[in-house]
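Novice: Here it is, the structure in full.
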Amino acid sequence: MDLNELENNGWDDLIVTLNAFARSFAKRYSWFRSGKNTTLLMGKEIEDYVYEAIGRYLEAPEKFDPSRGDIIAFLKYNILRSLISNDANKDENKYTEDVYHRFDDDDDDDSNYLDRMLPYTLAAFPEQIDYQAINKYILNLINEDEVLENIYLGLYQSGMKRREIIKEFNMNEKDYNNGVRQLDTIIRSASKFFNPQKQQA
Amino acid sequence: MNKNINKHKSEFVNLILNAVNNDSSDKEAAMAYLSSEGLDVNRIVNEGKRRIKKMQMEINARKTEKEMEEANIYKQQATKWVDDLLNNFDFSLTSIVQTEELAVSFRNVEELNKDDIRNILIKHYTLKFMKEKDGSREH
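These protein sequence lines map, in sequence, to chains Y and Z.
Position one of the first sequence corresponds to residue 17 (my numbering), numbered consecutively onward.
Position one of the second sequence corresponds to residue 8 (my numbering), numbered consecutively onward.
Printed below as a string of structure tokens:
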């Protein structure tokens, strides 16, 4: 999808998809922060980041390289980069790595846009958390619910996509959606137990 | 030990990222997610289109302004160039018309006064300098 296709009725898909991405990321990320999520949003609304990313693309569409992914992946990556760079650059954030300096020149990075998201997200999650303990805690709460276990292991260990999980484990869309919602509740609960910032708060 | 810690963190963060990407994997998934968060998807789309349209108008206005500023710089450069040419003792309009391939017939050349010649040459060199600049940008 390029600018011409977007002009011809492509904006709806892009707007909905990017708003869902930004909101979903901010919500999950905030589980691992104490209090209000001010360092992530810097006083703006979450959708402001969506339109800043779109604006940067409209201003310089030549920066998008279709060989590294589609326009949605490119914009998702840019939203993530802005949000996490904000967070990393704030003095009150003592818990994450300085991603801004680590990835300062990544315009030269030739990996695809979706792969580029992981290092940013990795650097933004606190080092002080025992992620192995979180895994055990989640598995314990899943407590042999087959659908939940399949979704969790599919996402966690295999990095499978929604459609792949549904097909592989022969479940329907409704089961998947309900399972993801339950899993979110469990992960949120795990974040309360294992997040050092929330324990100190 | 560190390698194991990194592996567990990496797997967990991948889980978060996969969940986020799944919420926004396509329009249907994204609409379902936004609705489940209690948001009005139609309002989001309409508001988004309005913001994008406003940005496009602002970007176009900035581009036009920049082009006009650039054209003005080239016109100043061309004016100086033409004035230097006209003040040159060896200046020959016929020769300039031939070397610069100006679209002026010889019958018209004889009817032009000094201001007409100056304006034609300024216009020609302004466009020439702009084309040269664009050519050097492309390379």
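Using N, Cα and C, we set each Cβ at its ideal position, and we do this for glycine too.
Closer than 8 Å, Cβ to any Cβ of chain Y: which residues of the region 19 to 35 of chain Z, in chain order?
Specialist: The residues in question are Phe19, Val20, Asn21, Leu22, Ile23, Leu24, Asn25, Ala26, Val27, Asn28, Asn29, Asp30, Ser31, Ser32, Asp33, Lys34.
Novice: Below 8 Å between beta carbons: does that hold for isoleucine 100 (chain Y) and isoleucine 154 (chain Y)?
Specialist: For isoleucine 100 (chain Y) and isoleucine 154 (chain Y), no; Cβs fall outside 8 Å.
Novice: Locate the alpha helix (DSSP H) running through leucine 155 (chain Y), then write down its first and last residues.
Specialist: Note, leucine 155 (chain Y): alpha helix (DSSP H), 147 to 158.
Novice: What first and last residue would you give for the alpha helix (DSSP H) that runs through tryptophan 88 (chain Z)?
Specialist: Looking at the DSSP string, the run of the alpha helix (DSSP H) that includes tryptophan 88 (chain Z) is 48 to 94.
Novice: Are the region 164 to 173 of chain Y and the region 190 to 203 of chain Y touching, with three or more C-beta to C-beta distances below 8 Å?
Specialist: A contact exists between the region 164 to 173 of chain Y and the region 190 to 203 of chain Y.
Novice: Between which residues of its own chain and valine 163 (chain Y) is the CB-CB distance below 7 Å, once the five residues before and five after are set aside?
Specialist: Closer than 7 Å at Cβ, skipping near neighbours: Met187, Asp191, Gly195.
Novice: Going by DSSP, what residue range makes up the alpha helix (DSSP H) through glycine 175 (chain Y)?
Specialist: Per DSSP, glycine 175 (chain Y) belongs to no alpha helix (DSSP H) and is neither H nor E.
Novice: Around the C-beta of lysine 70 (chain Z), are 16 or more other C-beta atoms found within 10 angstroms, so that it is buried, or is it exposed?
Specialist: Exposed is the call here.
Novice: Please confirm whether alanine 39 (chain Z) has its beta-carbon closer than 8 Å to some beta-carbon of chain Y.
Specialist: At least one chain Y Cβ lies under 8 Å of alanine 39 (chain Z).
Novice: How should alanine 217 (chain Y) be labelled, buried or exposed, when 16 other C-beta atoms within 10 angstroms of its C-beta is the threshold for buried?
Specialist: Per-residue confidence for alanine 217 (chain Y) stands at a pLDDT of 45, beneath the threshold of 50, marking its modelled position as unreliable; the derived number appears in the next sentence. That one is exposed.
Novice: Per DSSP, what kind of secondary structure is leucine 22 (chain Z) in: helix, strand or coil?
Specialist: DSSP places leucine 22 (chain Z) in helix when its eight states are reduced to three.
Novice: Please report the distance separating the alpha-carbon of phenylalanine 210 (chain Y) from that of isoleucine 181 (chain Y).
Specialist: Roughly 28 Å separates the two Cα atoms.
Novice: Quick one, are the C-beta atoms of isoleucine 150 (chain Y) and alanine 206 (chain Y) less than 8 Å apart?
Specialist: Result yes, Cβ atoms of isoleucine 150 (chain Y) and alanine 206 (chain Y) sit closer than 8 Å.
Novice: Below 8 Å on C-beta distance, what does tyrosine 187 (chain Y) contact in chain Z?
Specialist: It should be noted that the sequence gives methionine, not tyrosine, for residue 187 (chain Y). Correct list: empty, because the minimum Cβ distance to chain Z is about 14 Å.
Novice: Contact criterion: CB-CB distance below 8 Å. Does phenylalanine 80 (chain Y) meet it with respect to chain Z?
Specialist: False, the Cβ-Cβ gap to chain Z never drops below 8 Å.
Novice: What is the DSSP secondary structure of valine 115 (chain Y), reduced to helix, strand or coil?
Specialist: Residue confidence is low: valine 115 (chain Y) scores 49 on pLDDT, short of 50, so the model does not pin down where it sits. No coordinate-derived value is stated.
Novice: Is there a Cβ from chain Y that is less than 8 Å from the Cβ of aspartate 141 (chain Z)?
Specialist: Not one chain Y Cβ lies under 8 Å of aspartate 141 (chain Z).
Novice: Which chain Z residues are close to serine 40 (chain Y), counting only those with a beta carbon under 8 Å from its beta carbon?
Specialist: By Cβ distance, chain Z contributes Ala26, Val27, Asp30, Ser31, Tyr40.
Novice: Rounding to the nearest angstrom, what Cα-Cα distance links phenylalanine 19 (chain Z) and alanine 38 (chain Y) in this structure?
Specialist: If I take the Cα positions, the gap works out to 19 Å.
Novice: If you pair each beta-carbon of the region 86 to 96 of chain Z with each one of the region 36 to 51 of chain Z, do three or more pairs fall below 8 Å?
Specialist: Not touching, per the Cβ criterion.
Novice: Check whether the Cβ of glycine 45 (chain Z) lies closer than 8 Å to any Cβ atom in chain Y.
Specialist: Taking Cβ atoms only, chain Y never reaches closer than 8 Å to glycine 45 (chain Z), which makes this a no.
Novice: What did DSSP end up calling aspartate 86 (chain Y) once you bin it into helix, strand or coil?
Specialist: Reduced to three states, the DSSP call for aspartate 86 (chain Y) is coil.
Novice: Alpha carbon to alpha carbon, how far is aspartate 33 (chain Z) from isoleucine 80 (chain Z)? Give it in angstroms, no decimals.
Specialist: Near 47 Å, if we compare the C-alpha coordinates of aspartate 33 (chain Z) and isoleucine 80 (chain Z).
Novice: Mind checking if glutamate 75 (chain Y) is an interface residue toward chain Z, Cβ cutoff 8 Å exclusive?
Specialist: Chain Z contact via Cβ: present.
Novice: Would a C-beta distance cut-off of 8 Å place asparagine 25 (chain Z) and leucine 134 (chain Y) closer than the cut-off?
Specialist: No; because the gap between Cβ atoms is not below 8 Å, this pair is not in contact.
Novice: I'd like to know whether the C-beta of phenylalanine 119 (chain Y) is nearer than 8 Å to at least one C-beta of chain Z.
Specialist: A caution first: phenylalanine 119 (chain Y) carries a pLDDT of 49, below 50, which makes its placement in the model too unreliable to give a value.
Novice: Determine the burial state of methionine 8 (chain Z): buried for a count of at least 16 other Cβ atoms within 10 Å of its Cβ, exposed for fewer.
Specialist: Because the pLDDT at methionine 8 (chain Z) is just 47, under 50, the model does not fix this residue reliably, and the value given afterwards should be weighed accordingly. Exposed: under 16 other Cβ atoms inside 10 Å.
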